[in-house]
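Undergrad: One structure is given below, represented as structure tokens, and several questions about it will come after.
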Amino acid sequence: MEEILMPKLGQTTDEGYIEAWHVSEGDEVEMGQPLFIVETDKAQTDVESVADGVVRKIVVPAGETVPAGTVIAYVGEVDEEVPE
């Protein structure tokens with residue numbers, strides 16, 4: 001199971017706003033595939049999957065702002081148990 005984290009997008013940016021998800025829970029994804037759009041006070045960018053697999057759980061919905069390093073979603077195999 002791979003954790004998808006809110007990235008730190010700059011020296012002075014400590015949080016990001018999830019503008020929209022490109023995927024839903026249960027969708028198959030490939031490494032490098034855009035998962036969601038994150039917006040900061042300076043930029044807007046797609047965050048890509050760090051692994052091949054299935055989006056097992058979206059932890060933070062669109063419209064939320066969270067600190068860099070926060071677990072946003074989990075990507076893994078269909079039968080893998082999702083952390084609480």
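Be aware that the sequence shown starts at 1, since it is given in the numbering used here, and climbs by one per residue. A virtual CB, placed ideally from N, CA and C, is assigned to each residue, including glycine.
1) What is the C-beta distance between A62 and W21, in whole angstroms, given that I count them as a contact (C-beta under 8 angstroms)?
2) Taking the beta carbon of V82 as the centre, do at least 16 other beta carbons fall within 10 Å, making it buried, or is it exposed?
3) Taking the straight line between their C-alpha atoms, what separation do you get for V60 and V54?
4) Assign G69 to one of two classes, buried (16 or more other C-beta atoms within 10 Å of its C-beta) or exposed (fewer than that).
5) Spatial neighbours of K8 within its chain, please: CB distance less than 6 angstroms, with the 5 preceding and 5 following residues excluded, ordered by chain position.
6) May I have a chain-ordered list of the beta strand (DSSP E) segments no shorter than 3 residues that lie completely inside the segment 35 to 70?
7) For Q44, which residues of its own chain have a beta-carbon under 8 angstroms away from its beta-carbon, when the five flanking residues on both sides are left out?
TA: Straight from the coordinates:
1) 6 angstroms
2) exposed
3) 17 angstroms
4) exposed
5) A68
6) 44 to 48, 53 to 58 and 65 to 67
7) E19, I37 and V38
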